[in-house]
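In my numbering, the protein residues as written are 1 to 214.
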């Protein structure tokens, strides 16, 4: 789990998925662990590299609604890059039950916004970082969610906790702490953190995250 959270974002989703079964693993889970270990063995010389450009913090947010048919919970994924490499990422099961893709995406965006705020505060404390720190761009591949966040109207017909998340995101954006922009799913670096993808797609996304052989 240390590798998945500290140095190998390319296995974050697999590890997050497998850790849900640590209390009662089956043969299928052990086989999945073996595949992850084989992948790591073949990429032992891979690591995160930073070029220093771009020198601004940028984020990606995504969600996979009802990714687990048994638990009926969506999956959140986010990724932040700085200096050409990944600096923060997460793949996790959402703790609340969402009723639509929009609710799942809003929940993921709220979690991403909290992380963006923490990272921004960290940058503010670093003397090497130019001040003021600009609004952190978070890329999202759901245009409806972006429209709702940018709208001045509060017409979200959802549970109270979803409306509260929407208000929290609006507050971050209106305070110019974050900015939102649409990105195509194929270019969303948070996509590998919410679902299993082909090796070709994972390799391509990993390069965008700054992962390459040493």
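Glycine residues also receive a C-beta, built at the ideal position from the N, C-alpha and C atoms.
None of the values given here were measured: they were computed from a predicted structure.
Paired residues, beta bridge with residue i - DSSP
i	result
residue 182	140
residue 64	75
residue 212	47
residue 86	81
Integer Cβ distance of residue i from residue j, believed to fall under 8 angstroms
i	j	result
residue 40	residue 11	7 angstroms
residue 168	residue 135	Their Cβ separation, rounded to whole angstroms, is 16 angstroms, which puts residue 168 and residue 135 out of contact at 8 angstroms.
Which of helix, strand or coil DSSP assigns to residue i
i	result
residue 73	strand
residue 23	coil
residue 107	helix
residue 126	coil
residue 204	helix
residue 56	coil
residue 93	strand
residue 28	helix
residue 190	coil
Cβ neighbours of residue i in the same chain (closer than 6 angstroms, five flanking residues each side left out)
i	result
residue 193	12, 13, 77, 91
residue 94	73, 74, 76, 107
7 angstroms CB neighbourhood of residue i in its chain, flanking five on each side removed
i	result
residue 145	102, 105, 106, 109
Residues near residue i in its chain [Cβ-Cβ closer than 8 angstroms; skip 5 each side]
i	result
residue 1	15, 19
residue 205	10, 189, 191, 192, 197
Residue i burial status per 10 Å Cβ neighbour count (16 or more: buried)
i	result
residue 34	exposed
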